[in-house]
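Novice: So for the sequence shown, the numbering used here puts the first residue at 5; every next one is plus one.
Don't be surprised by glycine CBs; every beta carbon is placed ideally from N, CA and C.
Small disclaimer: the values here were computed from a predicted structure and weren't measured.
Submitted below is the structure of interest, expressed as structure tokens.
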Amino acid sequence: MSSSEFDGERTNALAAAHRIAAKYKISLKEAMGFPPSERNVSRSSRARNFHDYPHVVSNVLKNSHNEALDKARWQSAVKDAQNRGLDRSEQKKTVRKLRQYKFGKARRHPVKHAQVLLNETSLRFSEIAQITGLNVYQVVTIKLQLREAA
């Protein structure tokens with residue numbers, strides 16, 4: 005350890021040897037022979053030592069194998085469904101229709117909107133139904149529910 009390519013490596017190693025010697029109350033020569041502690045070894049290098057943990061290896065292999073089987077099973081199910089007549093365009097249309105009924109933050113929920121319109125305006129039921137997207141029967145039901153008990 006008399007020469008090194010890197011500046012300060014010798015002084016750092018000597019300082020580490022002094023710390024080890026002080027910690028374990030041993031001579032400096034004995035401290036210089038210590039292997040690096042587990043704490044200084046990076047986590048990734050410890051994780052790569054799978055030969056120390058055979059159960060970890062078997063679990064990892066099982067998981068990757070099961071993942072591949074699940075993917076193959078899913079792909080075969082999709083192919084079978086397409087052979088039976090599954091049409092992706094129809095599925096996309098239904099998804100699109102479902103998305104139309106989701107309300108953004110700027111848009112009020114139709115029932116709440118109908119309640120406000122019924123309380124604060126003199127619009128006809130058909131106009132409120134057209135504005136909110138509800139049918140006339142739903143609007144009338146909301147109006148009846150808004151009445152106070154006699």
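Quick one: residues in its chain with C-beta nearer than 7 Å to the C-beta of Ser130, no 5 flanking neighbours on either side, listed in chain order?
Specialist: In the sequence shown, counting from the first residue as 1, residue 130 sits at position 126. Only Val140 meet the Cβ criterion.
Novice: Quick one: what does DSSP say Phe129 is sitting in, helix, strand or coil?
Specialist: Translated into the one-based positions of the sequence shown, residue 129 becomes position 125. DSSP places Phe129 in helix when its eight states are reduced to three.
Novice: Under 8 Å between the Cβ atoms of Val115 and Ile135?
Specialist: Here residue 115 corresponds to residue number 111 of the sequence shown, with the count starting at 1. Here residue 135 corresponds to residue number 131 of the sequence shown, with the count starting at 1. For Val115 and Ile135, no; Cβs fall outside 8 Å.
Novice: Among Asp74, Thr15, Val143, which one has its Cα closest to the Cα of Leu127?
Specialist: If you number the sequence shown from 1, residue 127 lands on position 123. Checking every option, the nearest Cα to that of Leu127 belongs to Val143.
Novice: CB-CB under 7 Å to Ala118, same chain, minus the five flanking residues each way: which ones, in chain order?
Specialist: Residue mapping note: residue 118 aligns to position 114 of the sequence shown, counting from 1. Within the same chain, Ala118 has close Cβ partners Ile132, Thr136, Leu138, Val143, Ile146.
Novice: Assign Ala85 to buried or exposed, taking buried as 16 or more other Cβ atoms, counted over all protein chains shown, within 10 Å of its Cβ.
Specialist: In the sequence shown, residue 85 corresponds to position 81, counting from 1. Classification of Ala85: exposed, given that the 10 Å Cβ count is below 16.
Novice: Please list the terminal residues of the continuous alpha helix (DSSP H) segment that includes Glu9.
Specialist: Start at 1 with the first residue of the sequence shown, and residue 9 comes out as number 5. It is not in any alpha helix (DSSP H) - Glu9 carries neither H nor E in the DSSP assignment.
Novice: Please look up how many angstroms separate the CB atoms of Ala25 and Leu18, rounded, as I've assumed it's under 8 Å.
Specialist: Locating residue 25 in the sequence shown gives position 21, where the first residue counts as 1. Locating residue 18 in the sequence shown gives position 14, where the first residue counts as 1. With a Cβ gap of about 10 Å, Ala25 and Leu18 do not count as contacting.
Novice: Could you tell me the boundaries of the alpha helix (DSSP H) in which Ser62 lies?
Specialist: Indexing the sequence shown from 1 puts residue 62 at position 58. 58 to 88 is the span of the alpha helix (DSSP H), which, as asked, contains Ser62.
Novice: Could you please give the first and the last residue of the uninterrupted alpha helix (DSSP H) stretch that includes Arg14?
Specialist: Counting from 1 along the sequence shown, the entry for residue 14 is found at position 10. First-last of the alpha helix (DSSP H) with Arg14: 13 to 28.
Novice: Sorted by chain position, which residues of the same chain lie with C-beta nearer than 8 Å to Leu150's C-beta, five sequence neighbours on each side aside?
Specialist: On the sequence shown, residue 150 is found 146 positions in, with the first residue counted as 1. Gln119, Leu122, Asn123.
Novice: Use the C-beta contact count for Ala72: other C-beta atoms within 10 angstroms, 16 or more gives buried, fewer gives exposed.
Specialist: Your numbering for residue 72 matches position 68 in the sequence shown. It is exposed - the Cβ of Ala72 has fewer than 16 other Cβ atoms within 10 Å.
Novice: Here's the rule I'm using: 16 or more other beta-carbon atoms within 10 Å means buried, otherwise exposed. How should Ala81 be labelled?
Specialist: Against the sequence shown, residue 81 aligns to sequence position 77. So Ala81 counts as exposed.
Novice: Between which two residues does the alpha helix (DSSP H) carrying Asn123 extend?
Specialist: Along the sequence shown, read from residue 1 onward, the residue named residue 123 stands at position 119. Where Asn123 is concerned, the enclosing alpha helix (DSSP H) stretches over 114 to 124.
Novice: Roughly how many angstroms lie between the CA atoms of Glu34 and Gly12, to the nearest whole one?
Specialist: Reading the sequence shown from its first residue, position 30 is the one you call residue 34. Reading the sequence shown from its first residue, position 8 is the one you call residue 12. Roughly 22 Å between the two C-alpha positions.
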